[in-house]
């Protein structure tokens, strides 16, 4: 698969939005990883990736606070602990810590 074919896929476009890197950087990195490892790079393997702005937007984080419902809905989990695990597995360029607070 060439770079043009990769860039057109929904998976690529989502990862590009998440990583915040240019399509050129992501396409080059993806091609190298596929050639060398037979898989796409994880977020922490993409040069210059910074998924924090994307994650903040998706979770509607304001003043470093996230609503539990937004968190659980976005991750499709039933507990904050499970959500944190899922987020850290997806957004591997970040070290996500969420401390639940009472209402």
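Numbering (this note's numbering), first residue to last: 32 to 134. C-beta: ideal position from N, C-alpha, C; glycine also.
Proximity of residue i and residue j at Cβ, strictly below 8 Å
| i | j | result |
| --- | --- | --- |
| residue 174 | residue 103 | Within the shown structure, residues of the chain are numbered from 32 to 134, placing residue 174 beyond reach of any answer. |
| residue 79 | residue 55 | no |
| residue 3 | residue 75 | The structure shown has nothing for residue 3, since the chain only spans 32 to 134. |
| residue 127 | residue 115 | yes |
Three-state class that DSSP yields for residue i in the structure shown
| i | result |
| --- | --- |
| residue 45 | helix |
| residue 132 | coil |
| residue 118 | helix |
| residue 37 | helix |
What are the uninterrupted segments assigned as beta strand (DSSP E) that are 3 or more residues long and contained completely in the stretch 51–115, given in chain order?
DSSP runs (the beta strand (DSSP E)) wholly in the stretch 51–115: none.
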